[in-house]
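Numbering (full-length UniProt numbering), first residue to last: 1 to 367.
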């Protein structure tokens with residue numbers, strides 16, 4: 001089977017849409033999905049800074065959504081024609097997977113970041129027959145088709161715009177899951193969100209849907225305007241005495257804070273903005289040591305890293321689509337679509353902050 005895909009051949013090169021070859025169909029427990037749309041996530045772009053740990057050449061993309069066109073084996077639980085949202089890969093049998101914590105799968109890094117599943121890897125090649133890296137996040141969905149484990153494919157209502165649903169499998173899932181799962185936020189609770197990108201704005205929307213009070217911190221006025229539209233109190237990151245301002249706005253300090261920036265200064269500000277026993281969650285990968293200012297962790301405050309919003313995708317994704325249908329999680333307002341052929345333009349716009357969530361459409365449609 002031959003189809004188009006965006007291939008990244010080196011850490012410095014641009015993406016190139018090429019013909020790739022799938023030499024065999026889905027194996028037992030897998031499905032072949034015709035991709036309708038795939039979100040571009042910062043994690044895809046971070047491959048360029050991975051210091052050689054992510055193997056190339058590769059087809060990236062891990063916020064795919066589409067239609068099942070072939071199933072492998074009798075126990076996938078999916079059928080041809082099913083609309084599915086694709087999420088991260090997990091083994092399904094380690095202790096954390098069995099405890100409904102697949103984001104902390106013992107094999108998460110190897111399955112999703114550093115090469116993927118090794119079995120049948122050579123069946124996926126470029127037009128010259130040279131092997132491409134095994135599936136990125138179980139998907140490699142910057143492509144017209146993707147072979148994925150049925151485990152990380154979540155059935156979606158076919159009446160929904162499937163080409164827009166892919167970011168629910170990672171970026172939006174992370175922000176909303178942090179609010180719903182990691183923090184368990186409810187009516188009247190308070191949260192400060194640092195960074196009003198895709199993850200942060202999803203957290204803002206989830207907080208509003210929960211009846212919580214949210215403060216959004218960012219340095220881009222247009223992002224702050226979006227956060228305000230979704231129900232948050234906007235606050236510029238350069239505001240004087242940022243922790244004190246947040247404490248004033250949250251009646252003595254936020255109960256929860258979410259940092260999406262990996263900025264040491266903002267992480268310390270977030271800790272100082274918490275009330276006693278408050279909880280700060282980090283979702284961005286830190287690339288340097290994190291110096292904590294004296295007193296930042298006093299009075300019972302705590303800090304933790306949160307992966308994929310502590311989500312079980314099969315539970316959270318339907319919840320998010322239900323909230324969207326009810327008008328309470330308007331994630332589509334963050335999306336701009338691009339034909340797959342314009343993937344490099346989408347990356348430039350993402351890097352420049354001109355778009356919150358690019359979504360690539362393999363069939364060339366855009367809106």
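Backbone N, C-alpha and C fix where the C-beta goes; we use that ideal spot for every residue, glycine too. The structure presented is a predicted model; accordingly, all values stated were derived computationally and were not measured.
First and last residue of the beta strand (DSSP E) that includes residue i?
i: residue 350; result: That residue, residue 350, is in no beta strand (DSSP E); its alpha helix (DSSP H) goes 343–352.
i: residue 194; result: 190–194
i: residue 4; result: 2–8
i: residue 69; result: 63–71
i: residue 45; result: Looking at the DSSP string, residue 45 is not in any beta strand (DSSP E); the run it does join, the alpha helix (DSSP H), is 42–45.
i: residue 234; result: 233–236
i: residue 124; result: 124–126
Please check the pair residue i and residue j, which I expect to be a contact at CB under 8 Å, by giving their CB distance rounded to whole angstroms.
i: residue 168; j: residue 60; result: Going by Cβ atoms, the distance from residue 168 to residue 60 rounds to 18 Å, so no, they are not a contact pair.
i: residue 132; j: residue 124; result: 5 Å
i: residue 330; j: residue 152; result: Between residue 152 and residue 330 the Cβ distance is about 25 Å, and since that is not below 8 Å, they are no contact.
i: residue 215; j: residue 249; result: 5 Å
i: residue 262; j: residue 285; result: 7 Å
i: residue 316; j: residue 173; result: 6 Å
i: residue 84; j: residue 156; result: 6 Å
Between the C-alpha atoms of residue i and residue j, what's the straight-line distance to the nearest angstrom?
i: residue 6; j: residue 342; result: 10 Å
i: residue 195; j: residue 74; result: 44 Å
i: residue 364; j: residue 21; result: Model confidence at residue 364 stands at a pLDDT of 48, short of 50, so the residue's coordinates are unreliable; what they give is reported in the following sentence. When rounded, the distance between both Cα atoms is 20 Å.
i: residue 289; j: residue 127; result: 43 Å
i: residue 35; j: residue 82; result: 12 Å
i: residue 296; j: residue 278; result: 11 Å
i: residue 23; j: residue 70; result: 14 Å
i: residue 358; j: residue 170; result: 13 Å
i: residue 160; j: residue 328; result: 15 Å
i: residue 352; j: residue 197; result: 12 Å
i: residue 254; j: residue 266; result: 14 Å
i: residue 104; j: residue 232; result: 30 Å
i: residue 3; j: residue 100; result: 35 Å
i: residue 429; j: residue 245; result: No answer is possible for residue 429: the residues shown for the chain start at 1 and end at 367.
i: residue 280; j: residue 271; result: 7 Å
i: residue 178; j: residue 49; result: 26 Å
i: residue 227; j: residue 129; result: 47 Å
i: residue 438; j: residue 193; result: Residue 438 is absent from the structure shown; the chain starts at 1 and stops at 367.
i: residue 326; j: residue 165; result: 15 Å
In the DSSP assignment, find the alpha helix (DSSP H) that holds residue i and state where it starts and stops.
i: residue 222; result: 221–229
i: residue 218; result: Not the alpha helix (DSSP H): residue 218 falls in the beta strand (DSSP E), residues 213–218.
i: residue 110; result: 108–112
Nearest CA to the CA of residue i: which residue from the options?
i: residue 355; options: 363, 93, 338 and 178; result: 338
i: residue 180; options: 217, 306, 216 and 71; result: 306
i: residue 15; options: 357, 347 and 361; result: 347
i: residue 11; options: 269, 136, 55 and 236; result: 55
i: residue 273; options: 260, 264, 241 and 287; result: 241
i: residue 175; options: 157, 264, 260 and 130; result: 260
Should the stretch 145–156 be called in touch with the stretch 26–38, which here means at least 3 C-beta pairs below 8 Å? Segment contact: the stretch 145–156 against the stretch 26–38, three or more CB-CB distances shorter than 8 Å; contact assigned.
On the three-pair Cβ rule with 8 Å, is the stretch 206–218 touching the stretch 187–194? With contact defined as three or more Cβ pairs closer than 8 Å, the stretch 206–218 and the stretch 187–194 are in contact.
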